[in-house]
Every structure is written in C-alpha cells, then in structure tokens.
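Read the structure below first, then the notes.
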Amino acid sequence: MKNLWLIFLAGGALTFLTRFSFIYFLQNRRISPTQERLLRLLPVAALSAMIAPQLFYTAQGFNPLGVRVLAGLAATLTAWRTRSVLWTLAVGMAILWLSAAFTAFQW
Amino acid sequence: MTETPLTRFWQGVRDELPILIGVIPFGAIYGLLAVSAGLAPAEAQGMSAIVFAGASQFVLVQMLQNAAPPFLLVLTVFIINLRHALYSAAVAPYLRGLSLRWKILLSYLLTDEAFVVGMAGYQRNGLTQAGHWYLLGAGLALWSSWQLSTAAGIFLGAQIPAAWGLDFTLPLTFIALAVPSIRARSTLAAALTASFVALLLHSLPYGLGTLLAILAGLAGGAIFLQDTPA
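Quick mapping for you: the protein sequence lines, in order, are chains V and D. Heads up: the first sequence runs through residues 0 to 106, numbered per numbering that gives the first Met the number 0. Heads up: the second sequence runs through residues 0 to 229, numbered per numbering that gives the first Met the number 0.
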C-alpha cells in the first residue's frame, strides 16, 4: 500500500506539530483549566470507543453474551485491581483460550 | 554534584528505566498486531518511527483493517494525540532558551512516558544549564526501546498462527491502559458514553463511528468536567 506511508507522514507530522506547538509557536500562551481537563479525557474516550465494539461484535454480528465480553469484563476487573498490562493480557487471553479448548473438547 | 551534559543524560536514561518495563511488552504487542493486520514489516516499523505515539498506532492498525479513508485515519491520529499539547505547554517554559534544533528534537521525543519522567526532573532540579540533556536521555531511552520492541514484535508476529486469537490482545491492551485512568466521575462518564455510542454507531462505514464515539465521550465526560483530576 503506497499511501500508507503518506498516512504515516501526515499523522506523524500532525503529532509532531502538536508536541512542538507550545514549545515553539505558542511559547507565551497557556492552556486554560477547562481545555486541560478536556484534553485529559481524550485518552480514555478514545480507548473506550475502540474497546467496546471489539468485545461485542464478532464475525457473526452483535453478541452481548459471547466469550469476548466475558473475557473483557474479567480483564477490566484485573486492570482495575492490578494496574498491570501483563496481568490484564494474561487473564483475558486465558479465558479466551480456555473457552476455545472447552468448546473443542465438547465437540 | 557537578552537572555535565553527560551526567544529566544518563540520569534521564536511568530514571526512564522502570517505565520501560511496561513499554517494551506494549511495543512488542504493537509490532505483532501490525503484522497480523497485514502490514509489511517495514510499514509496521516505519509507523513506530514516524508517528511514534503508542495508543494512536494501535488505533491506526485497527482502522486500517476497516479500510477507512486516509483523511479519517489522519484526523483520528491527530485527535488522539492532541493531549500532547498539554505536555508541550508544561515543558515549554524550561525549553525557552534552547536552539531550534533542540526544540525540534525534544518535541519529537515528547511522548507520554518521556514527559512524565522529564517533567519530574525539571520540577526536582528547576531550570539548570544542562537540564535538557536529562529530557533527552529519558526521551531517547524510550525511543530506542519502542523501536526495538516493535522489531521484536514484528519478528514474533511472523511466527505465530492466527488461530491463537492474538488479535484479542488489542482490546485487552486498551483495557489495561484505560481502566487505571478512570479515577473520577468525568473519566467514567467519558468511558461509558464512548463505549455506548461506539456500539450504537458500529455499522457506520470506515470506522466513522469510532471518531464520533470519541467526541461523544468527550461530551459525556464534560458534564462532570469540574471533577476531572488536574
């Protein structure tokens, strides 16, 4: 894909300009407390928008009772208690694999 | 203690090390997912070098699978990385006297993890002659481990069969990143609104639902804005 590199360059340039903004162009400007609070909400909003569909939608469509929803809930609980990326991955993947193994066994 | 550029630089590297324990698996998972999503190894590595912003790289991989149009991809990356403006504003007073070349270099290296360590250094030591070398050390330590762990993930990704369901590590990684930052009503409201709207708008083409869900999450969180931890 040739325009993939253009996407990287454009996305990278905008990311760089964001980081460069106050260091260079806006040296004497400050961020207002309201703007700061909104910016602090961004990561959580962006991540949540990505997480939910990957748990609830499978190749077969909307499935609110699937194993991915269960694994996602367990991972959420793990992340909340441990704050560890590795434990969260371990618990979520363990549930996914156990469920797959169990289904294969029954079959 | 005498301050030389070199001692400051190595202090920055050393103080960044504990954070790398979390970053290295994250970079490896990115590399692995990028190649499982069909990116060529050079493209996966190139994104790490050019965009160089963890969360947005994961989102980009995800959206590339949905064949989103380029302008939407770029816009989403931009919005996700807008928070870096905060870091830029916070370190700007300390970098005021530096040359343009330093400002460009340190801006490129200004990731979440380099900022946290670098800013703590400035707050501890104040503005000193070689203080920017500390930020450079922290930034370069993070940069090199991100590039190397990406490469390791790309290599691993080529060996692991799709049946292992490793694509599921993507939402799990997002969960591990998002959940610890939910510490107030505003962040909780942002998370719930964004999740709900993302499910509702899932059938919109090109991952447009994702972008709208992010904006809805901001609006939802803004209701409790006074409750956001500063």
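C-beta atoms are modelled at their ideal positions from N, C-alpha and C, and glycine is treated no differently.
- Non-local C-beta neighbours of D/His-201 in its own chain, meaning closer than 7 Å and more than five positions away in sequence, comprise Gly-208, ordered along the chain.
- Pairing D/Ala-91 with V/Leu-38 gives a Cβ-Cβ distance that is not under 9 Å.
- For D/Glu-42, a Cβ of chain V is located within less than 9 Å of the residue's own Cβ.
- In this structure, the alpha-carbon of D/Gly-120 lies about 8 Å from that of D/Leu-134.
- Per the C-alpha coordinates, the member of V/Asn-27, V/Ala-12, V/Val-43, V/Ser-20 positioned closest to D/Pro-179 is V/Val-43.
- In the DSSP assignment, the residues bridged to V/Thr-57 are V/Gly-60.
- The closest CA to that of D/Ser-87, considering only D/Leu-165, D/Leu-74, D/Leu-109, is found on D/Leu-109.
- Judged by their CB atoms, D/Leu-19 and D/Ser-106 are not nearer to each other than the 9 Å cut-off.
- When the five nearest sequence neighbours on each side are left out, the beta carbons in the same chain lying within less than 7 Å of the beta carbon of D/Ile-23 are those of Ser-144, Ser-148, in order along the chain.
- The region 28-39 of chain D and the region 166-176 of chain D touch, with no fewer than 3 CB-CB distances between them shorter than 8 Å.
- Closest option to D/Ser-47, judged by alpha-carbon separation, among V/Ala-89, V/Leu-76, V/Gly-11: V/Gly-11.
- The C-beta separation of D/Gly-152 from D/Gly-21 comes to about 15 Å, leaving the pair out of contact by the 8 Å criterion.
- The beta-carbon distance between D/Gly-156 and D/Phe-8, rounded to whole angstroms, is 33 Å. This is too long to meet the 8 Å contact definition.
- The alpha-carbon separation between D/Thr-127 and V/Phe-21 amounts to approximately 20 Å.
- Contact of D/His-83 with chain V by beta-carbon distance below 8 Å involves Thr-14, Thr-17, Arg-18.
- Chain V has no Cβ within less than 9 Å of the Cβ of D/Ser-98.
- Counting C-beta atoms within 10 angstroms of its own C-beta, D/Ser-55 has 16 or more neighbours from the protein chains shown and is therefore classed as buried.
- Shown here, V/Asn-27 sits in coil according to DSSP, grouped into three states, outside any helix or strand.
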